[in-house]
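Residue numbers (the working numbering): 7 to 255. We treat Cβ as the ideally placed atom computed from N, Cα and C, and that holds for glycine.
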Amino acid sequence: MRTPFMAGNWKMYKTPAETTAFFNEFLPMVADAKDREIVINAPYVNIAAAVTSASGSNVGIGAQNLFWEKEGAYTGEISGPMLKASGCQYVVIGHSERRQYFGETDATVLKRAVAALEAGLIPIVCVGELLEEREAGRTNEVLQTQFDGGLAGLDDEQFAKIVIAYEPVWAIGTGKTATPEMAGETHQAIRALVAAKFGADAATAVRILYGGSVKPNNVKDLMAMEDIDGGLVGGASLEPASFAAIVNF
Ligand code: PGA
Numbered sequence: 007m008r009t010p011f012m013a014g015n016w017k018m019y020k021t022p023a024e025t026t027a028f029f030n031e032f033l034p035m036v037a038d039a040k041d042r043e044i045v046i047n048a049p050y051v052n053i054a055a056a057v058t059s060a061s062g063s064n065v066g067i068g069a070q071n072l073f074w075e076k077e078g079a080y081t082g083e084i085s086g087p088m089l090k091a092s093g094c095q096y097v098v099i100g101h102s103e104r105r106q107y108f109g110e111t112d113a114t115v116l117k118r119a120v121a122a123l124e125a126g127l128i129p130i131v132c133v134g135e136l137l138e139e140r141e142a143g144r145t146n147e148v149l150q151t152q153f154d155g156g157l158a159g160l161d162d163e164q165f166a167k168i169v170i171a172y173e174p175v176w177a178i179g180t181g182k183t184a185t186p187e188m189a190g191e192t193h194q195a196i197r198a199l200v201a202a203k204f205g206a207d208a209a210t211a212v213r214i215l216y217g218g219s220v221k222p223n224n225v226k227d228l229m230a231m232e233d234i235d236g237g238l239v240g241g242a243s244l245e246p247a248s249f250a251a252i253v254n255f
């Protein structure tokens, strides 16, 4: 059985004070949700506040990116060891917004994933197709390319630690969710890619999250699909009550 995994992705929202206020409200709402993994991926400057607020709770903290070098003259960058030392346990890698606006490629996704694992962080690696790719019937081909370039270079032991997030780009922040059937089908296709490369046991064990307009009112239907193991939630993770409703689906 795969443990359900509910992750918030705050993107570029909230200040440290707003972070603390969020956790004060949110933690009591999810205190009884012990059978699932709960994570908030916060902007770098809010990590200290998030880690302090969530300390001793059932909520883990992650970042939204990292650089693959451990340290050095890389102005503006943050490394895996820095995140780990700041109390992070997770890091989102290869989000479509990073691919779209910041030049992220499958090759850099792999480098970041390896760096995260070396630092003892759990990478949440994002994949997903654009609308024109889905409409052209190229979804599986795109996922295969992202998988081959971004994940297939891990060894078995490294792969066993990662979480995959499938986020159809056309469903992110648009209010358009993939139907549970459509998402479930794509998750199954991703699991088949994992099986072909890492074997059947790895495919059964890996958690694949769905992301893209997950809301309190659609989470239950998505989570009912056999191959959907959790959510990566943007907009609806910013309000304590709405993310708690998703966590407690
Ligand atoms: P959304 O974002 O829930 O606001 O669609 C999801 C994501 O980008 O991870």
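Just measuring C-alpha positions, the residue of 68, 41, 8 sitting nearest residue 51 is 68. Taking the CA atoms as reference points, residue 31 sits about 6 Å from residue 246. The stretch 228–248 and the stretch 182–199 touch, with no fewer than 3 CB-CB distances between them shorter than 8 Å.
For the pair residue 177 and residue 184, the CB atoms are nearer than the 8 Å cut-off. In this structure residue 238 does not touch residue 205 by the C-beta definition: roughly 25 Å separates them, more than the 8 Å allowed. Contact check between the stretch 93–104 and the stretch 61–81: three or more CB pairs, one atom from each, fall below 8 Å, which counts as touching.
Judged by pairs of C-beta atoms under 8 Å, the stretch 101–118 does not touch the stretch 195–204, as fewer than three such pairs exist. Annotated three-state conformation of residue 84 is coil, per DSSP. DSSP, read as helix, strand or coil, puts residue 64 in coil. Straight-line measurement puts the Cα of residue 129 at about 15 Å from the Cα of residue 104.
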